[in-house]
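As numbered in this note's numbering, residues 9 to 277 make up the sequence shown, in order.
Using N, Cα and C, we set each Cβ at its ideal position, and we do this for glycine too.
All values reported here derive from a predicted model rather than from experimental measurement.
Down below is the structure, laid out as structure tokens.
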Amino acid sequence: MKLIISGAAGRMGRAILDSLYHEEDLELGAALEKKGHPAVGRDAGELIGVGKWKVSLTDQIKKAIQAGETVIDFTSPQNTLAILQEAMSKGKPMVIGTTGFLSDEEKKIAKAAEKIAIVLSPNMSVGVNLLFKLLAEAAEALGEAYDIEIVEMHHRQKRDAPSGTALRMGDVLARARKSPLSQVGRFSRQGNIGPRPSGEIGIQTLRGGDVVGDHTVIFAGPGERIEMTHRAHSRNNFARGALLAARWVVQQPPGLYDMMDVLNLKNRS
Numbered sequence: 009m010k011l012i013i014s015g016a017a018g019r020m021g022r023a024i025l026d027s028l029y030h031e032e033d034l035e036l037g038a039a040l041e042k043k044g045h046p047a048v049g050r051d052a053g054e055l056i057g058v059g060k061w062k063v064s065l066t067d068q069i070k071k072a073i074q075a076g077e078t079v080i081d082f083t084s085p086q087n088t089l090a091i092l093q094e095a096m097s098k099g100k101p102m103v104i105g106t107t108g109f110l111s112d113e114e115k116k117i118a119k120a121a122e123k124i125a126i127v128l129s130p131n132m133s134v135g136v137n138l139l140f141k142l143l144a145e146a147a148e149a150l151g152e153a154y155d156i157e158i159v160e161m162h163h164r165q166k167r168d169a170p171s172g173t174a175l176r177m178g179d180v181l182a183r184a185r186k187s188p189l190s191q192v193g194r195f196s197r198q199g200n201i202g203p204r205p206s207g208e209i210g211i212q213t214l215r216g217g218d219v220v221g222d223h224t225v226i227f228a229g230p231g232e233r234i235e236m237t238h239r240a241h242s243r244n245n246f247a248r249g250a251l252l253a254a255r256w257v258v259q260q261p262p263g264l265y266d267m268m269d270v271l272n273l274k275n276r277s
């Protein structure tokens, strides 16, 4: 199967190219970047230090979409939606790891999923998606007697805050408690804020250095504290998850899926 890698020159794009290079059942159909990017025209293999791959980075979306069967996109919301439009018109499924979508942009993705299969996930890591499941079970079992705080840290270049993964964790926890995150989420604290409300879910953001991604969820209860942590040591685990999702999504009917679907975690007791 030939893949179209969007955002190929970015950190995640290069990690996906590196993982893809070592896969026997997958090929690189096209490497896509935004117009004006300095890497456009460079060979994808040279970009990751493996020599000539004979696929040059392009900024032509239509040309790129025609060169493969499935799109993997880690870019920006605006760019993702432009690529999604072309993929939808050509019936090509997508794996989207971009974060920071606004509500109306999420609705556009959901609408496109009526015509093509889409895996949309803020984190492609197998470990993180297993953690989502464990968090839901813990929140349901512990109840509101335990206060919940989420602390995430990423590299200094990350644009959105909180991270998409932290927001997904918050949503998983809120759903387990049958309350929307929009009502119980607390994203900052300053000044005389008074006692912590029961049922509140705090999400705190840290940025600095070259941290790939750390997420810790704290359940603070009477006389004890439970912490669940995932630390990403490299982007390779996200890249491997994206390739796994690409293999899976090409076999699915139109619909909006996530990595929990890919890993069959939703159906496991």
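contact_flag[the region 80 to 97, the region 221 to 236] where n(CB pairs < 8 angstroms) is 3 or more = They do not touch, by the three-pair rule.
Proximal residues to P262 (C-beta, below 8 angstroms), its chain only, five neighbours per side dropped = Residues A121, E122, K123, I124 and A125 of the same chain have their beta carbon placed closer than 8 angstroms to that of P262, with the five preceding and five following residues left out of the count.
query = Between which two residues does the beta strand (DSSP E) harbouring V127 extend?
reply = Per DSSP, V127 belongs to the beta strand (DSSP E) from A125 to L128.
query = Between which two residues does the beta strand (DSSP E) harbouring S97 extend?
reply = Run containing S97: none in the beta strand (DSSP E); it sits in the alpha helix (DSSP H), P85 to K98.
inquiry  = Going by DSSP, what residue range makes up the alpha helix (DSSP H) through R176?
reply    = Counting along the chain, the alpha helix (DSSP H) containing R176 begins and ends at G172 to A184.
inquiry  = Would V58 and A39 qualify as a contact pair, given that the criterion is a beta-carbon distance under 8 angstroms?
reply    = Cβ distance not < 8 angstroms, so V58 and A39 don't count as in contact.
Assigned secondary structure, S64 (DSSP; H/G/I helix, E/B strand, else coil) = Look at S64 here: in three-state DSSP terms it is strand.
request  = Determine the direct distance from the alpha carbon of Q74 to that of L271, and round the result to whole angstroms.
outcome  = So the two alpha carbons sit approximately 28 angstroms from each other.
task = To the nearest angstrom, report how far apart K166 and V192 are at their CA atoms.
result = Cα-Cα distance, rounded: 25 angstroms.
message = Suppose the cutoff is 6 angstroms on Cβ atoms and the five residues either side in sequence are ignored; what does the same chain contact list for M9 look like?
response = For M9, the CB contacts under 6 angstroms within the same chain, skipping 5 residues up- and downstream, are L34 and E77 in chain order.
message = Does L36 pass the burial test, meaning 16 or more other C-beta atoms within 10 Å, or should it be called exposed?
response = Burial call: buried.
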